[in-house]
Amino acid sequence: MQNYEVMDITLKQQKIISDPLRGQIISLLAEKPMTSKQTAVELGKNPGTIYYHIKQLYEHGILELDHVETVKGIVEKYYKAKTTLFRGPGGIGEEHRVKNRVPLYLSDTLMDDMQEEMYQLFKKYGKKARADKTAKIPCIVEFSITEIQEDKNE
């Protein structure tokens, strides 16, 4: 079950979660606790690479240890994501600002689908905001998909 609480993070944590592979790990471990090996299998990645990323996410407070099992003498640590929603450090007057960034791997089709769904969501909330007489906080709501360059050494 996903935790939809917003987690305030530091600039260092923001950098740690900005990697698309780490974003996939966070999303996967928000669904259910897994070991680094199970996560690697699910993502089709090298177990050593996934172990490294899980260790970084854990050490920087993004993941937490859910439980430990011993199977045939081998200790298996199950990690889970604390949340999938993050708010980076903000300046004065940004107490109502929520900025969520989710690194993903997308195809052109998925990007088009996401853009259409976000457009429909904006329309829906625009209509709700016009009808809600208590809506008094001026906001700019943005949506963008930005392609990033991956480190090819992983």
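Each position in the sequence shown, counted from 1, maps to that position plus 43 in the numbering used here. Yeah, the Cβ is synthetic: ideal placement off N, Cα and C, and Gly gets one too.
Beta-carbon spacing of residue i, residue j below 9 Å
{"i": "residue 121", "j": "residue 101", "result": "no"}
{"i": "residue 124", "j": "residue 68", "result": "yes"}
{"i": "residue 128", "j": "residue 188", "result": "no"}
{"i": "residue 119", "j": "residue 82", "result": "no"}
{"i": "residue 145", "j": "residue 66", "result": "yes"}
{"i": "residue 84", "j": "residue 76", "result": "no"}
{"i": "residue 54", "j": "residue 132", "result": "yes"}
Whole-angstrom distance between residue j and residue i, CA atom to CA atom
{"i": "residue 59", "j": "residue 97", "result": "11 Å"}
{"i": "residue 70", "j": "residue 184", "result": "23 Å"}
{"i": "residue 130", "j": "residue 103", "result": "15 Å"}
{"i": "residue 92", "j": "residue 80", "result": "10 Å"}
{"i": "residue 177", "j": "residue 126", "result": "29 Å"}
{"i": "residue 168", "j": "residue 162", "result": "10 Å"}
{"i": "residue 62", "j": "residue 74", "result": "19 Å"}
{"i": "residue 48", "j": "residue 166", "result": "24 Å"}
{"i": "residue 191", "j": "residue 152", "result": "17 Å"}
{"i": "residue 170", "j": "residue 158", "result": "18 Å"}
{"i": "residue 115", "j": "residue 57", "result": "38 Å"}
{"i": "residue 160", "j": "residue 113", "result": "44 Å"}
Residue i - DSSP class collapsed to helix/strand/coil
{"i": "residue 165", "result": "helix"}
{"i": "residue 185", "result": "coil"}
{"i": "residue 178", "result": "coil"}
{"i": "residue 84", "result": "helix"}
{"i": "residue 159", "result": "helix"}
{"i": "residue 151", "result": "helix"}
Integer Cβ distance of residue i from residue j, believed to fall under 8 Å
{"i": "residue 106", "j": "residue 72", "result": "6 Å"}
Inset, instruction - Quick one: which unbroken alpha helix (DSSP H) runs of 4-plus residues sit fully inside the segment 45-78? Chain order, please. - result: 54-60, 63-74
Inset, instruction - May I have a chain-ordered list of the alpha helix (DSSP H) segments no shorter than 4 residues that lie completely inside the segment 89-133? - result: 90-102
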